[in-house]
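Asker: For the record, the sequence lines run as chains A and B. End of the first sequence sits at 197 in the working numbering; the numbers just go up one at a time, nothing left out. End of the second sequence sits at 197 in the working numbering; the numbers just go up one at a time, nothing left out. First the structure, then my questions, so here it is.
2 protein chains.
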Amino acid sequence: MFDLLCIHITKRIQLTPEEFDRCTQFFERRRIKKRQFLLHNGEVCRYLAFVNHGCLRRYTIDHKGDEHILQFAIEDWWITDLNSFLSGAPSTHNIDALQNSEVLLLEKSARENLFEAVPALERFFRLLLESNYIAAQKRISQALSASAEERYLTFVETYPRLVKQVPQNQIASYIGITPQSLSRIRKELSAKR
Amino acid sequence: MFDLLCIHITKRIQLTPEEFDRCTQFFERRRIKKRQFLLHNGEVCRYLAFVNHGCLRRYTIDHKGDEHILQFAIEDWWITDLNSFLSGAPSTHNIDALQNSEVLLLEKSARENLFEAVPALERFFRLLLESNYIAAQKRISQALSASAEERYLTFVETYPRLVKQVPQNQIASYIGITPQSLSRIRKELSAKR
DNA sequence: CGTCTATTTGAATGTACTCAAAAGCGGTGG
DNA sequence: CCACCGCTTTTGAGTACATTCAAATAGACG
Chain A
5 MFDLLCIHIT KRIQLTPEEF DRCTQFFERR RIKKRQFLLH NGEVCRYLAF
55 VNHGCLRRYT IDHKGDEHIL QFAIEDWWIT DLNSFLSGAP STHNIDALQN
105 SEVLLLEKSA RENLFEAVPA LERFFRLLLE SNYIAAQKRI SQALSASAEE
155 RYLTFVETYP RLVKQVPQNQ IASYIGITPQ SLSRIRKELS AKR
Chain B
5 MFDLLCIHIT KRIQLTPEEF DRCTQFFERR RIKKRQFLLH NGEVCRYLAF
55 VNHGCLRRYT IDHKGDEHIL QFAIEDWWIT DLNSFLSGAP STHNIDALQN
105 SEVLLLEKSA RENLFEAVPA LERFFRLLLE SNYIAAQKRI SQALSASAEE
155 RYLTFVETYP RLVKQVPQNQ IASYIGITPQ SLSRIRKELS AKR
């Protein structure tokens, strides 16, 4: 149940087995069925979620009712609305499952207790935040300068696992185009060989 | 010289005057003239820069030679290429000054010494990173779901000081459109009253 | 097998871009 | 102080890329 998390954390920071054991008590396992929500917009986001298996997504709904996906999370990734989680403000995002999934939840207060119990984890979450921020910068850069086709190719290259696991219309939403356009882009690409 | 920085930091964390004094020695003041560079792409980004006055920008140049602005920094803001700064990898960004400016530079090793000398600053930089990450998320969300006009209006609302200080073509680059399009959007908006 | 969802395709439309040129503005030097 | 130069902003005309609306086809799931 915690094997994946253990590998995930010790990839980034040094931790004795004993220290890791102390961590596990702060997490709560939850199974989330396809289409079930972990967060509805308007609620406060209470959890950091680490995905053991399955796939979740975080998205907004605009004034026309269209969804825009900000993040996918598959096995070995974290998902949350950090703004709401940190500030306690109601979220403007939704998080739901694209497949039956299992996550490990870390509540805000549990996280603080975790930092007390194993201070090295502060460093872990700082590193995690840094790499997320850098990834966000790259995505902004892409959105500004790349065509839809380029954005799709970058997506395929960056997240090959997601391409296999996630429906095409969800990927279209992530890169900011309609499913129809993505279908045409893929047709073009396969014509090029 | 350090007044602005002092106010900036103590807005976010508690710090005794004595502690703040210890901080100042790790910074180096530099004046940057309009069009001068703080970072050229291909170089490693050595500094975190705090802007005392003036205005800098960080941008990429795409394969067509067009610039895309990722960040502005005026008085009381930080600017750096965090990816390069943290990883030591050559940067793909440029940082230059849009106006004559004065910055306080914090080198990577100086920052580590600073953390030794005043551990509370670790917390400060974590908070800074968190708010930057959240802002980046909002910008991605905008880029996905909003029209050029909406993006401009959001920009005006979010950064009123920048609108006054920065040429229009630079704002166009930041929101991901051409200067011509922004000119037309503004004309439309003023026609609506 | 039937239903629901995802993908593909077509035709018409629209938003923003490109190319080109004019007008406006600010600073510099004669 | 004015003339000139460089840069920014505006405007026009034509174009391209992606969207919308609509419908057909393909796939997945019970």
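Just so you know, even glycine gets a beta-carbon here, dropped at the ideal spot from N, CA and C.
Less than 8 Å between the C-beta atoms of lysine 38 of chain B and leucine 102 of chain B, yes or no?
Answerer: Against a cut-off of 8 Å, the Cβ pair of leucine 102 of chain B and lysine 38 of chain B comes out as a contact.
Asker: On the DSSP letters alone, give me the boundaries of the alpha helix (DSSP H) that tyrosine 156 of chain B sits inside.
Answerer: Its alpha helix (DSSP H) spans residues 152-162.
Asker: Just to confirm my understanding: we take arginine 205 of chain B, look at its own chain, exclude 5 residues before and 5 after, and list those with CB closer than 8 Å. What are they?
Answerer: Given that chain B is displayed from residue 5 to residue 197, the structure contains no residue 205 of chain B and the question cannot be resolved.
Asker: If contacts are defined as beta-carbon pairs under 8 Å, then tyrosine 63 of chain A and isoleucine 78 of chain A qualify, I think. What distance do you get, rounded to the angstrom?
Answerer: Actually they are not in contact, since the Cβ atoms of tyrosine 63 of chain A and isoleucine 78 of chain A sit about 15 Å apart, beyond 8 Å.
Asker: Compute the Euclidean distance between the alpha carbons of tyrosine 178 of chain A and serine 105 of chain A, then round it to the nearest angstrom.
Answerer: Their backbone Cα atoms lie some 20 Å apart in a straight line.
Asker: Can you list, in chain order, the stretches of the beta strand (DSSP E) that have 3 or more residues and sit fully within the segment 92-153 of chain B?
Answerer: Listed in chain order, they are 98-101, 105-111.
Asker: Comparing alpha-carbon positions, which option in B:Gly46, B:Ala114, B:Gln40, B:Cys59 lies nearest leucine 52 of chain B?
Answerer: Here the closest residue by C-alpha is B:Ala114.
Asker: Using 8 Å as the limit for Cβ to Cβ distance, is glutamate 134 of chain B near chain A?
Answerer: Yes, because at least one Cβ of chain A sits closer than 8 Å to the Cβ of glutamate 134 of chain B.
Asker: Give the residues from the segment 129-155 of chain A that approach chain B closer than 7 Å (Cβ to any Cβ), ordered along the chain.
Answerer: Answer set for the segment 129-155 of chain A: Arg130, Leu133, Glu134, Asn136, Tyr137, Ile138, Ala140, Gln141, Arg143, Ile144, Ser145, Ala147, Leu148, Ser149.
Asker: Would you check if the segment 137-153 of chain A and the segment 12-30 of chain B touch, i.e. whether three or more CB-CB distances between them fall below 8 Å?
Answerer: With a cut-off of 8 Å, the segment 137-153 of chain A and the segment 12-30 of chain B do not count as touching, because too few Cβ pairs lie within range.
Asker: DSSP has histidine 67 of chain A in a bridge; who is on the other side?
Answerer: DSSP output for histidine 67 of chain A lists no bridge partner at all.
Asker: Identify the residues that DSSP records as bridge partners of cysteine 59 of chain A: which are they?
Answerer: Answer is A:Ile78, bridged to cysteine 59 of chain A.
Asker: Residues of chain B with CB under 7 Å from glycine 180 of chain A, in chain order?
Answerer: By Cβ distance, chain B contributes Ala147, Leu148.
Asker: Would you mind telling me which residues of chain A sit closer than 7 Å to leucine 90 of chain B, beta carbon to beta carbon, in chain order?
Answerer: The contacting residues are Glu134.
Asker: Between which two residues does the alpha helix (DSSP H) holding glutamate 236 of chain A run?
Answerer: Any question about residue 236 of chain A goes unanswered here, given that chain A covers just 5 to 197.
Asker: Measure the Cβ-Cβ separation of valine 55 of chain B and isoleucine 83 of chain B and say whether it is below 8 Å.
Answerer: A contact, by the Cβ cut-off of 8 Å.
Asker: Are tyrosine 89 of chain B and lysine 112 of chain B closer than 8 Å when you measure CB to CB?
Answerer: In the sequence as displayed, the identity of residue 89 of chain B is phenylalanine instead of tyrosine. In contact: phenylalanine 89 of chain B and lysine 112 of chain B (Cβ atoms closer than 8 Å).
Asker: DSSP three-state label for arginine 16 of chain B, please.
Answerer: Three-state DSSP puts arginine 16 of chain B in coil, outside helix and strand.
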